[in-house]
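Novice:
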Amino acid sequence: MKRVLVTRPEPAALQTAAKLAEAGFEPVLLPLSRTVPLGFSVPDIRFDALTVTSANAFRHTGHAFPHRDMPLFAVGEGTARAAREAGFTEVIDGGGDAVRLAETMRKALPQGARVLYLAGRVRQPVFEERVSVAGLDMTVCDVYDIETIDYSRSELERLLGPQPLAAVMLYSGVAAEAFAAAMDRIDPPFNDKTRFLCISTRVAEKLPSNWQRHALVAEQPDETGLFRLFPKL
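If you read the sequence shown in the working numbering, its first letter stands for residue 7, the second for the next number, and so on.
(1) Taking 8 Å as the cut-off, decide whether the C-beta atoms of Val-42 and Tyr-177 are in contact.
(2) Please report the distance separating the alpha-carbon of Glu-16 from that of Ala-86.
(3) Would you mind reading off the limits of the beta strand (DSSP E) that contains Ser-39?
(4) Starting from Leu-20, follow the beta strand (DSSP E) in both directions and report where the run begins and ends.
(5) Please say whether Glu-225 and Arg-219 have beta carbons closer to each other than 8 Å?
(6) Could you tell me whether the stretch 98-112 touches the stretch 25-38, using the rule of 3 or more Cβ pairs below 8 Å?
(7) For Val-105, collect the residues of the same chain with a Cβ closer than 7 Å to its Cβ; drop the 5 residues on either side in sequence, then sort them by chain order.
(8) Here's a check: name, in chain order, each residue in its chain whose Cβ is nearer than 7 Å to the Cβ of Leu-232, leaving out the five neighbours to either side.
(9) Between the beta-carbon of Ala-125 and the beta-carbon of Asp-148, is there less than 8 Å?
(10) Note down, one range per segment and in chain order, each beta strand (DSSP E) of at least 3 residues found wholly within the stretch 117-155.
(11) Should Phe-31 go down as buried or exposed, given a rule of 16 or more other Cβ atoms within 10 Å for buried?
(12) Any contact between the stretch 42-58 and the stretch 161-170? By contact I mean 3 or more CB pairs, one from each, below 8 Å.
(13) Between the beta-carbon of Ala-114 and the beta-carbon of Ala-88, is there less than 8 Å?
(14) Checking 8 Å against the spacing of the C-beta atoms, do Arg-14 and Pro-37 come in under that value?
(15) Indicate the three-state DSSP secondary structure (helix, strand or coil) for Met-7 in the structure shown.
(16) Within its chain, find whatever has a CB closer than 6 Å to the CB of Met-144; leave out the 5 residues flanking it on each side and keep chain order.
(17) Verify the contact flag: Val-48, CB atom, against every heavy atom of the ligand MN, threshold strictly below 7 Å.
(18) Can you give me the C-alpha to C-alpha distance between His-73 and Ala-140, rounded to a whole angstrom?
(19) What does the alpha-carbon distance come out to for the pair Phe-94 and Thr-154?
(20) May I have the straight-line CA-CA distance separating Ala-210 from Ala-182, to the nearest angstrom?
(21) For the beta strand (DSSP E) that contains Ala-92, what are its first and last residues?
(22) Using C-beta distances below 6 Å, list every residue in its chain close to Asp-103, excluding the 5 sequence neighbours before and after it, in chain order.
(23) The beta strand (DSSP E) spanning Met-175 covers which residue range?
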């Protein structure tokens with residue numbers, strides 16, 4: 007059975023592991039980070055819409071969060087599903103990445119519309135830049151942060167085991183850099199057939215150069231896109 011390393015934070019890592027097992031792979035879990043809540047308050051102004059770029063936002067806003075009947079623009083299918091599960095009733099799928107999400111909002115909302123962005127503290131600037139160009143008035147509310155998990159050499163060797171990995175699933179540039187740094191501490195269980203499955207080109211570019219030639223990039227930047235790479239293993 008081919009072993010696949012999952013690097014995303016829990017509890018999402020457990021969901022991915024279940025999908026891998028169902029598909030006939032042996033999941034190996036190595037969460038590289040954890041999400042932690044931040045203290046936040048929603049500005050007391052009227053918003054026309056909400057937006058999120060990660061399902062983590064719903065884990066840390068709590069069920070008492072207001073505005074659940076307001077239009078919510080989600081970055082992709084998985085985040086849209088999490089929004090509905092959190093009780094939001096009007097959810098729009100933004101198409102899979104930050105650029106498409108900003109374009110979806112531009113087409114759906116009038117110029118000057120007020121949007122509340124429930125965000126992680128660490129994020130790429132492209133979404134906010136595109137929303138600004140679109141003429142929308144977006145307020146950013148940081149609701150969670152990401153902490154890197156620091157594993158010792160013995161922990162890494164125990165969690166990864168000695169058998170070669172068929173693939174490593176990488177979901178962000180930060181994760182790619184953290185994974186490379188962690189592997190510097192051990193003799194990693196890779197061989198010539200190990201592939202690095204990257205959610206985007208930007209993630210692949212964060213890998214060490216000698217790994218990049220073994221990287222496969224998802225055609226769509228989400229977990230569905232990553233799973234579509236498995237026939238290439």
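Where is the CB? At the ideal position from N, CA and C, for every residue including glycine. Keep in mind it's a predicted model, so treat the numbers as computed, not measured.
Specialist: On the basis of the coordinates in this document:
(1) Result no, Cβ atoms of Val-42 and Tyr-177 do not sit closer than 8 Å.
(2) Rounded to whole angstroms, Glu-16 to Ala-86 spans 19 Å at the Cα level.
(3) Unbroken beta strand (DSSP E) run through Ser-39: 39-43.
(4) If you look at Leu-20, you'll find it isn't in any beta strand (DSSP E); it sits in the alpha helix (DSSP H) that goes 18-28.
(5) Taking the C-beta atoms as reference points, Glu-225 is found no nearer than 8 Å to Arg-219.
(6) Cβ pair count under 8 Å is below three, so no.
(7) Same-chain partners within the cutoff: Val-132 and Arg-136.
(8) Excluding residues within five positions, the ones whose Cβ falls inside 7 Å are Met-175, Leu-203, Ile-205 and Ala-224.
(9) It is a contact, given that the beta carbons lie within the stated cut-off.
(10) For the stretch 117-155, the full-length beta strand (DSSP E) segments reaching 3 residues or more read 120-126 and 143-154 along the chain.
(11) Around the C-beta of Phe-31, 16 or more other C-beta atoms lie within 10 Å, and the residue is accordingly described as buried.
(12) Counting C-beta pairs closer than 8 Å gives fewer than three between the stretch 42-58 and the stretch 161-170, which falls short of the contact rule.
(13) Not in contact: Ala-114 and Ala-88 (Cβ atoms no closer than 8 Å).
(14) Going by C-beta atoms, Arg-14 is nearer than 8 Å to Pro-37.
(15) It is coil, neither helix nor strand.
(16) Within the same chain, Met-144 has close Cβ partners Val-121, Tyr-123 and Val-137.
(17) Ligands displayed in this structure: none; no statement on the ligand MN is therefore possible.
(18) When rounded, the separation of the alpha-carbon atoms in His-73 and Ala-140 is 23 Å.
(19) C-alpha of Phe-94 to C-alpha of Thr-154: approximately 30 Å in a straight line.
(20) Whole-angstrom Cα-Cα distance: 8 Å.
(21) Note, Ala-92: premise wrong, no beta strand (DSSP E); not H, not E.
(22) Exclusion of the five residues before and after Asp-103 leaves Pro-227 as the residues of its chain whose Cβ lies within less than 6 Å of its Cβ.
(23) Element bounds for Met-175: 173-176.
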